[in-house]
Amino acid sequence: MNGKQAASYVVLAIVIVAFAVSIVLKGLLVTVGAFLTLFIFSFLYKDNPYYKFAEHLFVGVSAAYWMCMGFWGTMVPNLFGKLYPPMVGPVMPALKDNAAEPFMLIPLILGILLLLRLSSSVGWISRWALAFIVGTTAGLNLIRYLRSDFIQQINNTTFSLYATGATGFNLGETLSNIAIFVSVMTGLIYFFFSKEHKGAFGVGARTGIIVLMVTFGASFGYTVMARISLLVGRMQFLFGDWLGMMQ
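The numbering used here applies: residue 556 is where the sequence shown begins, and numbers increase by one.
As structure tokens, then:
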């Protein structure tokens with residue numbers, strides 16, 4: 556046994572002892588959560604078996620959880636409950652008196668065709684179901700995104716630059732409207748590549764770059780804040796619920 560293996564066994568023994576002591580003091584669930592959190596944080600030092608264990612456990616549990624949620628929350632009420640309602644009556648009594656809907660055989664057949672992809676000889680049949688799903692999803696999302704993103708964004712940028720309120724002229728809202736108008740126009744100017752960015756047009760394009768950088772920076776900052784909030788939550792769990800150092 557070399558020194559590296561001996562150190563690994565020592566670390567494993569310390570982890571086991573600390574785990575057992577923590578179970579006695581704090582209970583099983585809190586201990587498991589705390590040690591899995593520490594295993595994930597250990598990746599900040601270097602890749603190690605403890606991190607891999609926590610990572611694989613998280614992926615496996617998540618996959619199993621969402622599979623069960625998809626089966627009981629989607630397939631049972633929306634497929635089996637509509638094909639033959641009495642079949643799901645014992646677990647979902649509210650559906651047992653509904654009328655059967657034979658057209659639900661279509662998604663059932665499409666789902667079975669997708670499973671044929673697991674076979675090398677007839678896997679090509681799954682392309683028909685996949686093409687139908689992708690085409691239908693693309694068509695539905697196209698209309699939804701046109702309404703919610705494209706048309707709605709145009710409506711939100713179509714307003715009077717001169718804003719008035721209950722007391723008359725509203726300076727703050729007017730400045731806000733002007734800033735939005737200038738930002739939208741300069742951002743659009745930047746993407747007009749058919750005209751050379753020189754003169755006044757170039758000034759607008761460079762202003763558009765600044766607007767885009769501010770927008771991307773704000774989006775990135777918001778993402779970082781969300782991740783930091785998750786880190787703070789884990790720290791509160793470790794130092795509060797587990798170690799009892801925070802009240």
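Idealized CB from N, CA, C, for every residue including glycine. This one's a predicted model, so the numbers in the text were calculated from it and none came from an experiment.
What does the alpha-carbon distance come out to for the pair residue i and residue j?
i           : j           : result
residue 623 : residue 682 : 26 Å
residue 678 : residue 664 : 15 Å
residue 594 : residue 695 : 43 Å
residue 778 : residue 716 : 32 Å
residue 639 : residue 656 : 8 Å
residue 793 : residue 576 : 15 Å
residue 597 : residue 689 : 40 Å
residue 782 : residue 620 : 23 Å
residue 629 : residue 697 : 24 Å
residue 583 : residue 618 : 23 Å
residue 768 : residue 780 : 18 Å
residue 589 : residue 787 : 14 Å
residue 674 : residue 667 : 12 Å
residue 643 : residue 649 : 9 Å
residue 718 : residue 772 : 29 Å
residue 570 : residue 801 : 23 Å
residue 686 : residue 610 : 34 Å
residue 599 : residue 606 : 10 Å
Can you tell me whether residue i is helix, strand or coil according to DSSP?
i           : result
residue 691 : helix
residue 592 : helix
residue 720 : strand
residue 798 : coil
residue 628 : helix
residue 563 : helix
residue 647 : coil
residue 712 : coil
residue 656 : coil
residue 823 : It is not possible to answer for residue 823, since the shown part of the chain is limited to 556 through 802.
residue 700 : helix
residue 582 : coil
residue 725 : coil
residue 675 : coil
Ends of the alpha helix (DSSP H) at residue i?
i           : result
residue 612 : 604-625
residue 670 : 660-670
Is residue i close to chain D, meaning its C-beta is less than 8 Å from at least one C-beta of that chain?
i           : result
residue 591 : The displayed structure is made up of one protein chain only, and chain D is not part of it.
For a minimum of 3 consecutive residues, which ranges assigned as the beta strand (DSSP E) are wholly contained in the stretch 746-789?
Counting whole runs of 3 or more residues, the stretch 746-789 contains no beta strand (DSSP E) stretch at all.
Below 8 Å, can you find three or more Cβ-Cβ pairs linking the stretch 756-763 to the stretch 559-568?
The stretch 756-763 vs the stretch 559-568: no contact.
Is it the case that the stretch 706-721 contacts the stretch 730-741, given that we only count it when at least three CB pairs across the two stretches are under 8 Å?
Short answer: they touch.
Segment contact, 8 Å Cβ cut-off, at least three pairs: the stretch 696-706 with the stretch 722-729:
Verdict: no, contact absent.
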